[in-house]
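Here's the structure we're looking at; comments come further down.
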Amino acid sequence: MIEIFRNPHYDFIGKRKWAYLASLVITLIGLISLAVQGLRYDIDFTGGTLVQLRFEEKPSIQKIRASLTAAGFGESVIQEFGESREYIIRVPLGSTTPEQVGRRVEQALAADPSLGKHEIRRVEFVGPQVGKDLQWQAIYAVLAGMVGILLYIALRFDLKGGVAAVVAVFHDVIVCLGAISLTHREFSLPVLAALLTIIGYSVNDTIVAYDRLRENRGKYGARGRNFAEQMNDAVNQTLSRTVLTSLTTFMSTVILLIFGGKVLEDFAFVLFIGIITGTYSTTYVAAALVVDWTYYVEGRVRRAKKAVAKA
Amino acid sequence: MPKYLGWRVGLVLAVVAVSCWYLYPPRRTINLGLDLQGGIHLVLGVETDKAIAAHVDRAAADIKSALERKGVAVARVAREGNATITAQLASPQSWNDAITVTNDYSTFERRNADQAAGRFQLALSEREQRRLGDDFVRQAVETIRNRVDQFGVAEPTITRQGDDRVLIQLPGIQDPERAKALIGKTALLEFKLVDDRTPVEAALAGQLPDTSEIIYQRRTDKDTKTERRTPYVVHKRALLTGAELTRAEVQADPNSPGNWQVAIEFNPVGTRIFGEVTEQNVGKQLAIILDGNLYSAPNINERIPGGRAVITGKFSIDEARDLAIVLRAGALPAPVAILEERTVGPSLGADSVRQGMIAIVASAAIVFLFMVVYYRLSGFIADVALGLNLLILLACMAAFGATLTLPGIAGIALTIGMAVDTNILIFERIREELRVGKTPRSAIDAGFSRALRTIIDTHVTVLVTAAILYNFGTGPVKGFAVSLFVGLSASLFTAVFFTRLIFDVVYMGRRKLQAISI
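Chains A and B, in that order, are what the protein sequence lines are. Residues are numbered in the numbering used here as their position in the first sequence, beginning at 1, plus a constant of 3. Residues are numbered in the numbering used here as their position in the second sequence, beginning at 1, plus a constant of 18.
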């Protein structure tokens, strides 16, 4: 029988002060990056036009830019796409007939013989209203997801657990967004989908630990152990499951990242980061917060009792 | 023997059979999304405001002539804003008559009535505006569906989205520009008399009677690609519109070889009006106007009794065919604007399918391998369960007519990773029970029952997120949510029910159970 851990007794919860520091630093880095560089939104969210083309012989970006500028699309962003002779051209909204921009870009490129033969592989146009709607819908979806999770956990376990789980989820979202911002990736619809998956994944992990804690509390072994120790036991008892699951999901994600092609790359990247932070945040954000919150409440109760006794 | 074994085996076999039935043959049962097979995705906004304004304009003209028939002298009846008509009577004495007339227009509410000044306003009620807008959008969906059907596209999707949007997906379309022109054209065909009393020069200089307007004839020279615009002065009132059409056919243009024209035929009402109009206006020009463009303005030489006419305009065969389609399918009740458009070439779709398949096969393979190495026979059982999970997932997609998109494939890949979590939870639990010294049999029992509560909790929370995703999502995100939702539901069945069944068959049936391969 292969086993990763046999009756592990690591002191996870005891080291939570260091973890708080680490979490704070990482979220701060993420927040600073978000504040300074911001997020680059895909046209799904900003509106605009995207043209993806594949050339027979790869021309330089300058050449493409020259023919686009001549046609009046000087503001467009030109990017190499994938490993081969593909480019993506993005034109921001602005002209009076934005829905015809794709066609005019195609014509401008076709009119320049020095660019060589090319094939138009994809043209996307998103109008300003659609983009704006989507931005709101995205924020709404993330918030609604968190509220749903909070309610479910508060109902099945307790309010502290629910709040701590949502804080953990929030932590994961910030870390993922920070990673997108730091690596200059784009926030697109698939990235949003990945982010929402991570929310589900992170909370999944957290629930496994809570469930174990609840199960242990009624049992013989929990007696005589303080709350931090009980939580630590729960984390240790579910450790091999946590590591195994993270490992399999992680492997799937890595393969998506390697083989999924350019289209799935950003999606897989967010999952990649999210699985790491999601596994971490279960113990060091959710579980740790529940422990400290419980102690805080107990401390207040004790002080209140003392005050009553004195009086 | 374990309980209900026969029933449980039966249920699993039934699920497998139904899944296979839905999936056969796979090429035809699974819809590929536009990102996988190429095609065009359009979101159109129906500009209901403009159509409501046009509706109010018509009502204003109606009210004006009704007032005049009643002998009320009118200074002005015109639309103000989008849905309000302002009426100014020539004198306040005919106030009561005017009020009686307007009482017939019950969808309008009278406001700001000022009897002394002989002025009042009629506003279209909010409810009526909403009802009209709703009608317009519904009609637009119908009309677009008609056009697409006549154009001939396999498996188009045309649905209403939200209040005033129409989603159109046309897989495998080769010429997106043509499809867009066909769908987006308002196709309002109007017949108006040319105003022969107002010279064009005077009209361009601004001396235009209230009842007339300038309309241009646009002709693009095929060789030089330059556009020529010829102005015409026509009476504003349309004598006849495309609503009275019954037929529209493509014909060779006898006067200009190589070009095509569209022959139209009116219904009985249209035929009667057309006959009267041509009889009363012999010697004048009748302008044929489509979407504000004048196509031709032939002279009326005599009364035309049969209700037939032709629209010429040096059309190519495709242009003529598309024009005939939009005329037959009818005009859109309101102009539409393109809000979102995504065109994917077929080669990109094929590449995406290839890459997506490689990714999903590879990620499944590594998970399968890992499970067998780590849990041996039990891992193999979990792998069979995973395979069943995939089968059910694909069958559900076929049954719902769901579309498999690229993010959808990613969702499936992810489901594989997460479905295996359920089995890991159970197996780790069984190992734990074995470690504390339980017999294999009771370890299996305890492992499954203890893990079940956790499994249900984790599944429900992720299902909640998937449901939220589905509700909020558009196209691609929705596809992802569907595969996540179905995959997780299937994993409850396969990882818990099915795995337990196999464990029961393999282990529990034996009289003496020494060890489990886990």
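The C-beta atom is built at its ideal place from N, Cα and C for all residues, glycine as well.
So the beta strand (DSSP E) residue i belongs to, where does it begin and stop?
{"i": "Y155(A)", "result": "Run containing Y155(A): none in the beta strand (DSSP E); it sits in the alpha helix (DSSP H), 131 to 159."}
{"i": "D132(B)", "result": "126 to 132"}
{"i": "T72(A)", "result": "Where T72(A) is concerned, there is no enclosing beta strand (DSSP E), although the alpha helix (DSSP H) it sits in stretches over 64 to 73."}
{"i": "H59(B)", "result": "57 to 64"}
{"i": "L207(B)", "result": "207 to 211"}
{"i": "Q298(B)", "result": "Segment 286 to 298 is the alpha helix (DSSP H) holding Q298(B); no beta strand (DSSP E) there."}
{"i": "S314(B)", "result": "311 to 314"}
With a cut-off of 8 Å, does the C-beta of residue i fall near any C-beta of chain B?
{"i": "V194(A)", "result": "no"}
{"i": "I35(A)", "result": "no"}
{"i": "S70(A)", "result": "no"}
{"i": "I152(A)", "result": "yes"}
{"i": "T297(A)", "result": "no"}
{"i": "I202(A)", "result": "yes"}
{"i": "A289(A)", "result": "no"}
{"i": "D214(A)", "result": "yes"}
{"i": "S26(A)", "result": "no"}
{"i": "F128(A)", "result": "yes"}
{"i": "A144(A)", "result": "yes"}
{"i": "G148(A)", "result": "yes"}
{"i": "Q132(A)", "result": "yes"}
{"i": "E122(A)", "result": "yes"}
Which residue comes first and which comes last in the alpha helix (DSSP H) that contains residue i?
{"i": "Q168(B)", "result": "144 to 169"}
{"i": "I35(A)", "result": "19 to 39"}
{"i": "N407(B)", "result": "364 to 418"}
{"i": "A352(B)", "result": "Careful: A352(B) lies outside any alpha helix (DSSP H) and carries neither H nor E."}
{"i": "A231(A)", "result": "230 to 240"}
{"i": "T330(B)", "result": "Where T330(B) is concerned, there is no enclosing alpha helix (DSSP H), although the beta strand (DSSP E) it sits in stretches over 326 to 333."}
{"i": "Y40(B)", "result": "23 to 41"}
{"i": "E268(A)", "result": "264 to 284"}
{"i": "Q192(B)", "result": "Neither: Q192(B) is in no alpha helix (DSSP H) and is coded neither H nor E."}
{"i": "T102(B)", "result": "Note, T102(B): premise wrong, no alpha helix (DSSP H); beta strand (DSSP E) at 102 to 107."}
Quick one: measure Cβ to Cβ for residue i and residue j, integer angstroms, because I've assumed they're closer than 8 Å.
{"i": "T72(A)", "j": "G105(A)", "result": "Contact flag wrong, Cβ pair sits at about 17 Å."}
{"i": "L52(B)", "j": "Q192(B)", "result": "Actually they are not in contact, since the Cβ atoms of L52(B) and Q192(B) sit about 14 Å apart, beyond 8 Å."}
{"i": "L200(B)", "j": "V344(B)", "result": "7 Å"}
{"i": "L95(B)", "j": "I81(B)", "result": "The amino acid occupying residue 95(B) in the given sequence is Val; Leu does not appear at that position. The pair is a contact, with the Cβ atoms about 6 Å apart (cut-off 8 Å)."}
{"i": "L54(B)", "j": "L424(B)", "result": "6 Å"}
{"i": "K198(B)", "j": "L60(B)", "result": "7 Å"}
{"i": "T209(A)", "j": "A157(A)", "result": "The Cβ separation is near 13 Å, so there is no contact."}
Whose Cβ in chain B lies nearer than 7 Å to the Cβ of residue i?
{"i": "E76(A)", "result": "The sequence shown places Phe at residue 76(A), not Glu. Those do not exist, as F76(A) stays about 17 Å from chain B at its closest Cβ, beyond 7 Å."}
{"i": "S243(A)", "result": "E446"}
{"i": "S117(A)", "result": "By Cβ distance, chain B contributes nothing, its closest Cβ being about 22 Å from S117(A), past 7 Å."}
Just to make sure I have the definition right: I need the residues of chain A whose C-beta is within less than 8 Å of the C-beta of residue i. Which are they?
{"i": "Y392(B)", "result": "I5, L247"}
{"i": "T472(B)", "result": "I210, V211, D214, R215"}
{"i": "E127(B)", "result": "In chain order: nothing, as chain A lies at least about 30 Å away."}
Can you pull the chain A residues whose beta carbon is under 7 Å from the beta carbon of residue i, in chain order?
{"i": "V362(B)", "result": "R125"}
{"i": "A377(B)", "result": "I258, L259, F262, G263, L267"}
I'd like to know whether the C-beta of residue i is nearer than 8 Å to at least one C-beta of chain A.
{"i": "T479(B)", "result": "yes"}
{"i": "G435(B)", "result": "yes"}
{"i": "L62(B)", "result": "no"}
{"i": "I442(B)", "result": "yes"}
{"i": "I282(B)", "result": "no"}
{"i": "F388(B)", "result": "yes"}
{"i": "L366(B)", "result": "yes"}
{"i": "A380(B)", "result": "yes"}
Looking only at DSSP bridge pairs, what is residue i linked to?
{"i": "S230(B)", "result": "H253(B)"}
{"i": "R76(B)", "result": "Note: R76(B) sits in no beta bridge, so no partner."}
{"i": "F58(A)", "result": "H121(A)"}
{"i": "T177(B)", "result": "L185(B)"}
{"i": "V280(B)", "result": "V268(B), I329(B)"}
{"i": "R9(A)", "result": "In the DSSP output, where bridge partners are listed per residue, R9(A) has none listed."}
{"i": "G426(B)", "result": "In DSSP, G426(B) forms no bridge with anything."}
{"i": "F190(A)", "result": "Y44(A)"}
Can you pull the chain A residues whose beta carbon is under 9 Å from the beta carbon of residue i, in chain order?
{"i": "Q373(B)", "result": "F262, G263, G264, K265, V266, L267"}
Kindly list, in the order they appear in chain B, the residues whose Cβ is closer than 8 Å to that of residue i.
{"i": "N207(A)", "result": "M436, D439, T476, T479, V480"}
{"i": "M234(A)", "result": "The premise fails here: M234(A) is roughly 16 Å from chain B at the closest Cβ pair, so nothing lies under 8 Å."}
{"i": "E102(A)", "result": "A355, I356, E359"}
{"i": "R159(A)", "result": "D475"}
Residues of chain B with CB closer than 9 Å to the CB of residue i, please, in chain order.
{"i": "Y155(A)", "result": "D475, V478, T479, V482"}
Compare the C-beta of residue i with all C-beta atoms of chain C and state if any pair is closer than 8 Å.
{"i": "T251(A)", "result": "Absence of chain C from the displayed structure is noted, the protein chains being A and B."}
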